[in-house]
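Residue numbers (numbering that gives the first Met the number 0), protein chains in the order written: chain Y, 0 to 759; chain G, 0 to 310.
For glycine and all other residues, C-beta sits at the position ideal for the given N, C-alpha and C.
First up is the structure itself, then whatever we jot down about it.
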Amino acid sequence: MNLKWKKTAKRICAGISTACLCVSGLTAMPVRAEETEAAMGRYLESEITLPENFYLQDVLGTADGRLQVIGTDENGMIGIWDSSDEGATWEETATLPEEYQDQYFTELKLNPSGGGVGVEMVSSAEESSADGVDNYEYYFVSFDAEGNAQKTLLTDEESFMLRFAGTGELVGLTYGGTAYLLDNATGEVLSTIADADADAVGIAGSEALLLTATEVQRYQISTGEPVSRDDALNDALYADGASYAVTTSAGFPIVFAQDEEGRLYYATAKGIFSHMMDGTAVEQVVDGTLCSLSDPSNAMIAMAVLNQKFFMGYADGEGSCGLRKYEYSADVSSVPSTELTLYSLKEDTGIQQAIAQYQKSNPDIYINYKVGMTGTDGITVSDALRTLNTDILAGNGPDILVMDGMSVKTYSDKGMLMDLSSVQNELKETDGVLENIAGTYQQEDGTIPAIPAKFGIPMIAGAPELIDQVDGLDSLIELAKNGDDLAPYDICILPEILYPICAGSWKNEDNTIDQEKLAEYVNTIKQVSDNFKASASSDKLEQMSWFTEESLKELDNISGVFIGDLSMGILDLLTGNIKVTMGALTDITTYAGYSAVNVKNGNCSVRRMNGQASNVFIPNTILGVLNTSANQEQAAAFLKYMLSADGEMLNKYNGFPVNQKAFDSIMDVDQYMNGKEFAMSVASSNNETGEMISLDYSWPTEEEINDLKTIAASLTVCADSERVQKDTVISEVRRCMNGEISADEAVNSIMQTINLYLAE
Amino acid sequence: MMVRKAIKRETGFAGSGSAGRQIRQQKQQKSKKWKKSLAGIGFLLPGLAGVVYFTLLPYLEVIRRSFQSAVTSEWVGLKNYQEVFGNTAFRMAAWNTIRFTAICIPLLVCLSLVLAVVLQKLKFAKNFLKSSFLIPVAIPAASVVLVWKVLFHSNGLLNVVIQWFGGEGISWMNSNYAFLVLVISYLWKNLGYDMVLWMAGLSGISTEIYEAAHVDGAGEWSCFFKITLPNLKPSLYTISVLSFLNSFKVFREAWLVAGDYPNPSMYLLQHLYNNWFRDLSFDKIAATAVINGAVVFVLILLLRKAWDSNV
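And the structure:
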């Protein structure tokens, strides 16, 4: 009986346990939520029209509800402008005296109590110091609400960041990272707040927030006493290893503001965040990925909060600035209804710009930009592609592919890419298109699986008598016999420069590699390198050592850097350091630079460069839409934007546009220069002699522009941009250049690998 | 008729007679057996379900995909198989894999057996040596790769030693020596594991058999061939299968050291799978997986049969 009871008890226990397991399993299963209406409400971004040709340097929301800006007007005068209708209209309330006209201020800050301060940079009377670098003097300028100003010469280390507390106290942060309490009238240091090696400073009530490389430190402004750490703010600010070091004079990576209730707001590229000091949470108010805050070409100048709205002063990549308003709208969904995923192997700032602009005009679409190789995690091209393919197979693939470095043929042959012929046809009808470039991936059946948005042209620049002799690889070997004619950086990246104009001709009909042609490519590079090393000056040989394989890899990982572009040799050609330079021409500014060299020394021209293949162009920003995408229509719409004149003109440095209207526009003198002088110059100083050299760019002549247009129209061969093969070839060739292996060994090694790759 | 009645009567009284008790006992035993079997099946089911769900069904899916195109899933018949067999990269990888297996498995099995026997005989430092041989099993592949790189780089330790003795440095990873490096690495990594398996088999052989053989005048070699080897036959099957399966894992080191395209002598089937995955050639991967699976299955069946016929 006892035994039976035990058995029964065991069974009951087992039954209960099983039931518990089942119930817990069931509760863990996702239960389909009842479909509810999407949550509504989100901050939307809009542009505020500033006074004409106004360069903004600070923005402030005053206690009486006005929006106030300070900056330089079209005449170079510094003025304070007020708006009582949140930027709809502006009225100038004060102008600084004429002595400040056209003067450069490193910082201008409005005082919440009226008036403001600034730091004026003036070229010193002593023209230059012994080391050839110009000397500057810095003046602290204080002005009242009427524009009456006084200035004091700064003898101490100048503050590059000035911030007013709500109570009118002025905090200055020096380049050395020390924060001081300054006298509002003279800029004199009243006391040291902290020597914290800070990168940035913000104000929260009576506290200065010093942002160091690792943490945010709090100090009482008036006494310099440290305040206990705000963990929530610290964690939010330093999530993902964020850094707030200032890297450009145009703006800051973080700006702070406070509302009338003392709530702290800060803005970064990730968005605008809100925090009550010593509170436990930091709330994201504006998502940076949904607006221009994430646009890498923009830098934040200052932010103001007024009536629950945010006003962001920003500088763009073109040297101008603007003011944006972020206003809550209850009528739009809190998150965009459509999410598109865009994938590229390398981060591309041009794409980020396009995404930011597109999202701004399409608030219902969010574009999630995924990058395969961040450059920090050692992921190779193959690793990234395998991860991408796994995602595609799992149904989590992207909608849009930027196929730079990928094989368009592989994805197209597998039927993965949507036909973009309708996109191209529409483009043809509206803006026109460079069909020789845009249609390069057109299949025999007329479908177009991918379209390059931009392209580069392999060119050679320099003394006409020398570059006219360069036709094919043999002539390069001859040219290198006089090492001083060539640039050391060109020699270091010669494999990258010559690859696009050679690799396309290597493939045999049986899908193997033509050994002779590959050997010619390898031997040319080896001989050019050897000839250069044998005849170049010691200076140039030393410069070669700067370009190690590691440094080139690091360069390659930087967004927007194209190894092997033509822009590096402009000043060297001007000084006569070199006579010839090679690379891909990707923008009109570089072309104008060489034209300016010609204007100055009368001995510079630019020609198309042919290698084993002729009429080659280098495709860039190759766009494709995956057939597996659930949002093909929206993805195609984004592609249309990227290929439109507006989209193509966003970044003028990563290639010439395939959009005919955009292409004509950047070739059009009036459009680009606005009837004035080409607003660009470069300068460099010689380390040894201290001699300064500068070049004011001038617009290419009509003949030069026509030449470039003719070259662009004649390009018919698309360079192979597929990274798996390219990386293999360049890695072996570099070993050969360094003398680790012979040219024959390099050729054999490449043959083995590439033939295996092609056989697969 | 009478007989039938008698039988009926007897069965009618079965409950009280000895025959009836026997039948009842038999029934109880049958019921117990059935219950035991049911319990066994109950315990097996979760595991079996896992194997079916995670292995058999996916494999069936792979078989289906091997007759379809990569992405669009169009029926292509035997085209994928034709492409795979006509693919030079596949032929090279398959040949290298077969060559590697054919060289490594016998070498590993024999060497580990010799080591196990020697260790078994040792009177001292037995446990220390056993642990020492097992260390490579515990070392992660990433660490092994670092050792490889330090040893076999063109400017690595091995070449330094060779050059110190007046020899010429060898490009270990970029020449046919790469295959040798792969073989040595596999042996080094798996020797200890197989040795322990052999030692487990050796400890199962009764010492009394050896003592009796020695009394009968048998020598050490006779004991080894007449007693040890025959008694280790059951272990041979397990060790061979495990060694064979472990041989596929050598790809980790090969790939981490030399990447997607190593020297052709060490280009294995897994390299091909890996590269085909990058190129979205799922159709070819499926066909090759089916071929590979079939070969492994047949080999294991053959080993099993050889073992069964010898036991």
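List, in order along the chain, the chain G residues whose C-beta lies closer than 7 Å to that of residue i?
i: residue 751/Y; result: 263
i: residue 748/Y; result: 173
i: residue 14/Y; result: Those within 7 Å of residue 14/Y in chain G number zero; the least Cβ separation is about 14 Å.
i: residue 414/Y; result: 70, 71
i: residue 384/Y; result: 277
Quick check on DSSP: helix, strand or coil for residue i?
i: residue 343/Y; result: strand
i: residue 503/Y; result: helix
i: residue 542/Y; result: helix
i: residue 774/Y; result: The structure shown has nothing for residue 774/Y, since chain Y only spans 0 to 759.
i: residue 81/Y; result: strand
i: residue 225/G; result: helix
i: residue 189/G; result: helix
i: residue 86/Y; result: coil
i: residue 603/Y; result: coil
i: residue 128/Y; result: Its pLDDT being 46, under 50, residue 128/Y is placed unreliably in this model, and the value from its coordinates should be taken loosely. In the structure shown, residue 128/Y sits in coil (DSSP, three-state: anything other than H, G, I, E or B).
i: residue 30/Y; result: Residue placement at residue 30/Y cannot be trusted, given a pLDDT of 46 that sits under 50; the coordinates are not used to answer.
i: residue 794/Y; result: What is shown of chain Y runs 0 to 759, which leaves residue 794/Y out entirely.
i: residue 19/Y; result: helix
i: residue 87/G; result: helix
i: residue 727/Y; result: helix
i: residue 198/G; result: helix
i: residue 73/Y; result: coil
i: residue 260/G; result: coil
i: residue 274/Y; result: strand
i: residue 185/Y; result: coil
With a CB to CB cut of under 6 Å and the five nearest residues on each side skipped, what residues in its chain are close to residue i?
i: residue 99/Y; result: 77
i: residue 695/Y; result: 680
i: residue 728/Y; result: 749
i: residue 149/Y; result: 141
i: residue 174/Y; result: 159
Please decide whether residue i counts as near chain B, where near means a Cβ-Cβ distance under 7 Å.
i: residue 259/G; result: Judged by its chain identifiers, the structure shown contains no chain B, and its protein chains are Y and G.
Give every residue of the same chain whose Cβ lies closer than 8 Å to the Cβ of residue i, excluding the five residues on either side of it in the sequence, and list them in chain order.
i: residue 390/Y; result: 396, 397
i: residue 257/G; result: 172, 177, 265
i: residue 712/Y; result: 433, 435
What in chain G is Cβ-close to residue i, meaning under 8 Å?
i: residue 388/Y; result: 276, 277, 279
i: residue 165/Y; result: Residues of chain G passing the Cβ test: none, with the nearest at roughly 55 Å.
i: residue 727/Y; result: 260
i: residue 410/Y; result: 279
Please tell me whether residue i and residue j are closer than 7 Å, where the distance is taken between their beta carbons.
i: residue 86/G; j: residue 65/G; result: no
i: residue 665/Y; j: residue 587/Y; result: yes
i: residue 93/Y; j: residue 145/Y; result: yes
i: residue 565/Y; j: residue 584/Y; result: yes
i: residue 382/Y; j: residue 660/Y; result: no
i: residue 267/G; j: residue 281/G; result: no
i: residue 459/Y; j: residue 466/Y; result: yes
i: residue 288/G; j: residue 61/G; result: yes
i: residue 413/Y; j: residue 70/G; result: yes
i: residue 161/Y; j: residue 121/Y; result: no
i: residue 511/Y; j: residue 233/Y; result: no
i: residue 501/Y; j: residue 618/Y; result: no
So which residues on chain Y does residue i lean against when the C-beta distance must stay under 7 Å?
i: residue 179/G; result: The contacting residues do not exist; residue 179/G stays about 18 Å from chain Y at best.
Residues of chain Y with CB closer than 8 Å to the CB of residue i, please, in chain order.
i: residue 227/G; result: Within chain Y, no residue comes near residue 227/G; the closest Cβ sits about 46 Å away, beyond 8 Å.
i: residue 271/G; result: 759
i: residue 88/G; result: 755, 758, 759
Just to make sure I have the definition right: I need the residues of chain Y whose C-beta is within less than 9 Å of the C-beta of residue i. Which are they?
i: residue 266/G; result: 755
Can residue i be considered in contact with the ligand HEM, in the sense that its beta carbon sits closer than 6 Å to one or more heavy atoms?
i: residue 5/Y; result: As for the ligand HEM, it is missing from this structure, which has no ligand bound.
Taking Cβ-Cβ distances below 7 Å as the criterion, which residues of the segment 64–82 of chain G are in contact with chain Y? 69, 70, 71
Could you please tell me which residues of the segment 543–555 of chain Y, in chain order, have their CB closer than 8 Å to any CB of chain G? none
Closer than 7 Å, Cβ to Cβ, to anything on chain G: give me those residues from the segment 277–293 of chain Y, in chain order. Look at the segment 277–293 of chain Y: it has no residue with a C-beta under 7 Å from a C-beta of chain G.
Determine which residues of the segment 360–382 of chain Y have a Cβ less than 8 Å from any Cβ of chain G, and write them out in chain order. 379, 381
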